[in-house]
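Taking it in order: structure first as structure tokens, then the write-up.
There are 2 protein chains.
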Amino acid sequence: MSSKPKQRPDTRELLLKAAIKEFSEKGFEKARISDIVASAGYSQRTFYIYFESKDAIFKELLTEWEKRLANKFDIEDEKDYKQNILNRWIQIIEFMAQDPEYSKAVYFKSPYFEETRQHIFEHLMGILIKEQSHGFLRTSVAVEILAESILSGIEGIAYRHVINKKETDIPKLAEQMVDIYIYGVGI
Amino acid sequence: MSSKPKQRPDTRELLLKAAIKEFSEKGFEKARISDIVASAGYSQRTFYIYFESKDAIFKELLTEWEKRLANKFDIEDEKDYKQNILNRWIQIIEFMAQDPEYSKAVYFKSPYFEETRQHIFEHLMGILIKEQSHGFLRTSVAVEILAESILSGIEGIAYRHVINKKETDIPKLAEQMVDIYIYGVGI
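Protein chains in written order, with UniProt numbering: chain G, 1 to 187; chain L, 1 to 187.
Now the structure itself:
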């Protein structure tokens, strides 16, 4: 049996929510536990019942975010390749958009950005290599460069168009990008 | 006639060089004039003969970088569209690679990143709109999305592959990217 005091089920959630707000507004370095607990209406003592440190609460948010994002990549319907990648892109951009503060805090403004991005990059590489071996991508396409380009493109669209400019027609944005990648820009 | 003391022609250059090093290592916020002058072998007094402030020396470096980059975008040879954009991409990535500390300092790690990026984005948009009107791009391509995607892609390749991973075959990297954009990935 745990020696920890009984936890009200929502305390933990409220602290996580307040942490997202604090991290997205101030960035990890300047974020303070005292401000997180103040905005959630708790004491510092309560914070330490649930989390060991500022780094620990951040890592918990990040791990959850990464897990949810990975699910969005794994959509599959190999019958229609274009529809398949379109669905994947819509899901990924919508995921980033649906809680923009969360994505800003643990990804775009995160001190672990390059590390997290590397995980996503490797996940995407795995998918693309499989797709190329299944004949959905030309064999002459350099998969590493494609992965870099797709990931950068999704980041750019998600961060600038959806999170910052609040464009809401994500299916259209995704379709425009996917169209360029599949057919190229040449006439 | 200027009331400023006679300037040794290289003092200014040496201070600018030392500033690039300081900004790229510590970032703008943590960079210190005292460390810039120490590494260049001058006194703070000398610094202020040439520059008004930390912000002023940074802005001077940034303005020069933006001007040089803009020149790389303006390469033109409309006879062969693929060769034309390939040359442009090679020039841009080589420019960022040839002095990686400089590009890191005033662009990738800059506090003015989004502002500078917006200038580059608008410049690129102008070029693409012209290319589309000249029939080099399919009319169905969403130019704003293409610009976002190209700029993100060039940043990703330049920053991760060339600046960080020190890959040196830039023409090959550029060719692989341009191939994807022109022809698409579909088989």
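Every residue gets a Cβ at the ideal spot worked out from N, C-alpha and C, and that includes glycine. Computed from a prediction, not measured in an experiment: that's the story for all the values here.
Handout entry: Backbone CA spacing between G/Met125 and L/Tyr181 [nearest angstrom]
Key = Take the alpha-carbon of G/Met125 and the one of L/Tyr181: they are about 18 Å apart.
Handout entry: Contacting residues, own chain, Cβ-Cβ under 6 Å from G/Met96 (five flanking each side not counted)
Key = Answer for G/Met96: Ser103, Ala158, listed in chain order.
Exercise for the section: Could you name the residues of the same chain whose beta carbon sits closer than 7 Å to that of G/Val37, not counting the 5 residues immediately before and after it, in chain order? Expected result: Counting only Cβ-Cβ distances below 7 Å, and skipping sequence neighbours, we find Ser43, Gln44, Thr46, Phe47.
Practice task
Counting only the same chain and skipping the five closest in sequence on each side, list residues whose C-beta sits under 7 Å from that of G/Leu86.
Solution key: Cβ neighbours of G/Leu86 within its own chain (closer than 7 Å, five residues either side excluded): Ala174, Glu175, Val178.
Practice task
With a threshold of 7 Å, establish whether the CB of G/Gln91 neighbours any heavy atom of the ligand MN.
Solution key: Absence of the ligand MN is noted for the structure shown, with no ligands found whatsoever.
Exercise for the section: Decide if L/Glu52 is buried, meaning its Cβ has at least 16 other Cβ atoms within 10 Å, or exposed. Expected result: L/Glu52 should be labelled exposed.
Exercise for the section: For the stretch 154-168 of chain L and the stretch 133-151 of chain G, state whether three or more C-beta atom pairs, one from each stretch, are separated by less than 8 Å. Expected result: Three or more pairs of CB atoms, one per stretch, sit closer than 8 Å, so the stretch 154-168 of chain L contacts the stretch 133-151 of chain G.
Exercise for the section: Along the alpha helix (DSSP H) that carries L/Tyr107, what are the first and last residues, could you check? Expected result: Here L/Tyr107 belongs to no alpha helix (DSSP H), and DSSP marks it neither H nor E.
Practice task
Give every residue of the same chain whose Cβ lies closer than 6 Å to the Cβ of G/Ser39, excluding the five residues on either side of it in the sequence, and list them in chain order.
Solution key: Only Ala18 meet the Cβ criterion.
Handout entry: CB contact check: G/Ser43 to chain L, cutoff 8 Å
Key = Any Cβ of chain L closer than 8 Å to the Cβ of G/Ser43 would place that residue at the interface, and such an atom is absent.
Handout entry: Segments assigned alpha helix (DSSP H), at least 4 residues, entirely inside the UniProt DNA-binding region "H-T-H motif" (32-51) of chain L
Key = 33-40, 44-50, all fully within the UniProt DNA-binding region "H-T-H motif" (32-51) of chain L.
Problem - Whether G/Leu16 touches G/Ile49 by CB criterion (8 Å) - result: Cβ distance not < 8 Å, so G/Leu16 and G/Ile49 don't count as in contact.
Handout entry: Inter-residue CB distance, G/Arg88 and G/Lys67 (contact presumed, cutoff 8 Å)
Key = With a Cβ gap of about 17 Å, G/Arg88 and G/Lys67 do not count as contacting.
Exercise for the section: Look at the alpha carbon of L/Ser110 and the alpha carbon of G/Gly153, and state the distance between them as a whole number of angstroms. Expected result: Note on geometry: alpha-carbon atoms of L/Ser110 and G/Gly153 lie some 20 Å from one another.
Practice task
Tell me whether the beta-carbon of L/Ile170 lies closer than 8 Å to the beta-carbon of L/Glu94.
Solution key: Inclusion of L/Ile170 and L/Glu94 in the CB contact set at 8 Å is warranted, their separation being smaller than that value.
Problem - G/Glu29, buried or exposed, once every other Cβ within 10 Å from all chains shown has been counted against 16 - result: It counts as exposed.
Handout entry: CA-to-CA distance, L/Gly41 to L/Thr11, given in whole angstroms
Key = Cα to Cα, the separation comes out at about 10 Å.
Practice task
Could you have a look at G/Thr116 and say whether DSSP puts it in helix, strand or coil?
Solution key: The answer is helix: DSSP assigns G/Thr116 an H, G or I state.
Handout entry: Same chain, Cβ closer than 7 Å to G/Ser34, five either side skipped, listed in chain order
Key = Exclusion of the five residues before and after G/Ser34 leaves Gln44 as the residues of its chain whose Cβ lies within less than 7 Å of its Cβ.
Handout entry: Within 8 Å, strictly: CB atoms of G/Arg32 and L/Val185
Key = Judged by their CB atoms, G/Arg32 and L/Val185 are not nearer to each other than the 8 Å cut-off.
Practice task
Please say whether L/His123 and L/Ala70 have beta carbons closer to each other than 8 Å?
Solution key: Yes, these two residues count as a Cβ contact at 8 Å.
Practice task
Note down, in chain order, each residue of its chain lying with its Cβ closer than 8 Å to the Cβ of G/Glu144, except the 5 sequence neighbours on either side.
Solution key: Excluding five sequence positions before and after G/Glu144, the CB atoms of its chain that fall closer than 8 Å to its own CB belong to Met125, given in chain order.
Problem - Cβ neighbour criterion (16 or more within 10 Å) applied to L/Glu115 - result: Exposed is the call here.
Problem - Close Cβ partners of L/Ile90 (< 7 Å) along its chain, the five nearest in sequence each way excluded - result: Closer than 7 Å at the Cβ level, and outside the excluded window around L/Ile90, lie Ile170, Pro171, Ala174.
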